[in-house]
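Residues in the sequence shown are numbered from 8 upward in steps of one, following our numbering.
Glycine residues also receive a C-beta, built at the ideal position from the N, C-alpha and C atoms.
Input: a single structure, listed below in structure tokens.
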Amino acid sequence: MPGGSRQGDSIMADDDLDLSTLPDDELVAQMHDDLYDGLKEEIEEGVNLLLGRGWTPYKVLTEALVEGMRIVGIDFRDGILFVPEVLMAANAMKGGMYILRPLLAETGAEKMGTVVIGTVKGDIHDIGKNLVGMMLEGAGFEVFDIGINTPVEEYLEALEKHDADILGMSALLTTTMPYMKVVVDKMKEKGIRNDYIVLVGGAPLNEEFANSVGADAYCRDAAVAVETAKQMMASRQGSVAARMKADAAAAGA
Ligand code: B1M
């Protein structure tokens, strides 16, 4: 990356650094630096060290990885980092997420429902989507991740194939987020819109936008996505149960 890491100079040359000797706060700061520099092996080592010190997978994810990527995003926006460096940072982040994924999914929670999730057509950002998928799995949802650059036909095919309850769509670009409306409109046209809960997320979105495209909810982050998915599944199951009760009462009358 241009000009070296943001804070690395203040500690010592990265090659000489033994991450295991650093206290937690310095290790996390160093990991932000290593993510910035796209150092996948160092990120993997840092994640393992923090887990070994008793950090929960969620704390490692949010404080070491997501925060590191937030810093990368600022310098990308300001023209200090460019696409190749950000790709390396993303690759390093994925190395860390790969270690955390099974741990986040290991909750033994009962099955909450089935989710199909994908990044919309024209958009290749997948870190946030992957994270949301991981967290939903950890909360007991079965998740089918259909990837990036997803056209409407693939969303609809996957919903039917996996008998899904929830459709999750991610968009990171102001130019691609309107595609969510294309998907929802197609669902309406086919008369299947109300068969699914539609959740949307991504940095440029907000609640108003989610309403305008006809989604059920906007999810600011992965934790909100999990809470929203759980609540919406519970109220959907509640209304199905109420309808069955009413039908049974009507049949008995
Ligand atoms: Co791009 N990029 N990028 N990028 N990139 C952004 C999004 C940008 C904001 C950077 C900037 O200028 N500050 C900017 C968008 C500007 C805009 O439209 N307003 C931008 C741009 C311009 C571009 C390109 C056009 C650059 C270029 O080529 N000139 C290009 C577009 C490519 C394309 O998609 N067609 C591009 C390319 C790339 C890379 C390939 C280099 C790389 C992506 C690698 C990858 O994903 N595999 C990349 C990256 C890494 C970023 C930033 C730096 C980081 C995104 C990220 O991973 N964040 C980003 C800057 C930023 O967002 N601050 C940026 C970490 C992640 C955990 O957060 O994705 O927000 P996030 O996900 C959160 C929530 O949003 C939410 O929960 C997640 C977890 O808490 N959420 C959901 C997300 N999806 C959800 C779905 C749900 C629910 C919640 O469903 C239920």
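Give every residue of the same chain whose Cβ lies closer than 6 Å to the Cβ of Gly-209, excluding the five residues on either side of it in the sequence, and list them in chain order. Result list for Gly-209: Ser-177, Ala-178, Leu-179, in chain order.
Between which two residues does the alpha helix (DSSP H) containing Gly-103 stretch? From DSSP, the alpha helix (DSSP H) with Gly-103 extends over 90 to 112.
Which of the three DSSP states, helix, strand or coil, is assigned to Gly-10? Reliability fails at Gly-10, whose pLDDT of 40 lies under 50, so the model's placement of it is uncertain and the value that follows must be treated cautiously. Here Gly-10 sits in coil by DSSP.
DSSP state of Thr-181, grouped into three classes? The answer is coil: DSSP assigns Thr-181 none of H, G, I, E or B.
Using a Cβ-Cβ cut-off of 6 Å (strictly less than) and excluding sequence neighbours within five positions of Ala-171, which residues of its own chain qualify? Excluding sequence neighbours, Ala-171 sits near Thr-121, Val-123.
Beta-ladder partner(s) of Gly-208, from DSSP: Residue pairing by DSSP puts Gly-208 in a beta bridge opposite Ser-177, Cys-226.
State yes or no: is the C-beta of Ser-246 nearer than 7 Å to some heavy atom of the ligand B1M? No.
What do you reckon, is the C-beta of Gly-208 under 7 Å from a heavy atom of the ligand B1M? Within the cutoff, so yes.
Could you pull the start and end residues of the beta strand (DSSP E) that Gly-125 belongs to? Element bounds for Gly-125: 120 to 126.
Just verifying my parser: in three-state terms, what is the DSSP assignment at Glu-149? Under the three-state reduction of DSSP, Glu-149 is assigned to strand.
Could you tell me which whole alpha helix (DSSP H) segments of length 4 or greater appear in the region 29 to 62? Whole alpha helix (DSSP H) segments, 4+ residues: 31 to 43, 47 to 59.
Taking 7 Å as the cut-off, does the CB of Ser-177 come closer than this to any heavy atom belonging to the ligand B1M? Remark: the shortest separation between the CB of Ser-177 and any heavy atom of the ligand B1M falls under 7 Å.
With DSSP as the reference, identify every bridge partner of Thr-157, one or two as the case may be. Bridge pairing for Thr-157: Val-127 [DSSP].
Let's see if you can read the secondary structure: which residues bound the alpha helix (DSSP H) around Ala-217? That run of the alpha helix (DSSP H) goes 214 to 220.
Considering only residues of the same chain and omitting the five flanking positions on each side of Arg-227, which have a CB-CB separation below 8 Å? Closer than 8 Å at the Cβ level, and outside the excluded window around Arg-227, lie Gly-208.
Assign Arg-108 to one of two classes, buried (16 or more other C-beta atoms within 10 Å of its C-beta) or exposed (fewer than that). Here Arg-108 is buried: its Cβ has 16 or more other Cβ atoms, across all protein chains shown, within 10 Å.
Quick check on the burial criterion: 16 or more other C-beta atoms within 10 angstroms. Buried or exposed for Gln-37? With 16 or more other Cβ atoms within 10 Å, it is buried.
Let me confirm a value: Asn-137 is counted as buried when at least 16 other C-beta atoms fall within 10 Å, else exposed. Which label applies? Burial of Asn-137 is indicated by the presence of at least 16 other C-beta atoms within 10 angstroms of its C-beta.
If you check the beta carbons only, do Ala-222 and Met-239 fall under 8 Å apart? Not in contact: Ala-222 and Met-239 (Cβ atoms no closer than 8 Å).
Specify, as a first and last residue, the run of the alpha helix (DSSP H) that Glu-117 falls within. Under the DSSP assignment, Glu-117 falls outside any alpha helix (DSSP H); it carries neither an H nor an E label.
Can you say whether Lys-118 is buried or exposed, counting buried as having 16 or more other CB atoms within 10 angstroms of its CB? Exposed, by the Cβ-count rule.
Straight-line gap, Arg-60 to Val-67 (C-alpha atoms, nearest Å): One C-alpha to the other measures close to 11 Å.
Kindly indicate the opening and closing residues of the alpha helix (DSSP H) around Lys-195. From DSSP, the alpha helix (DSSP H) with Lys-195 extends over 186 to 196.
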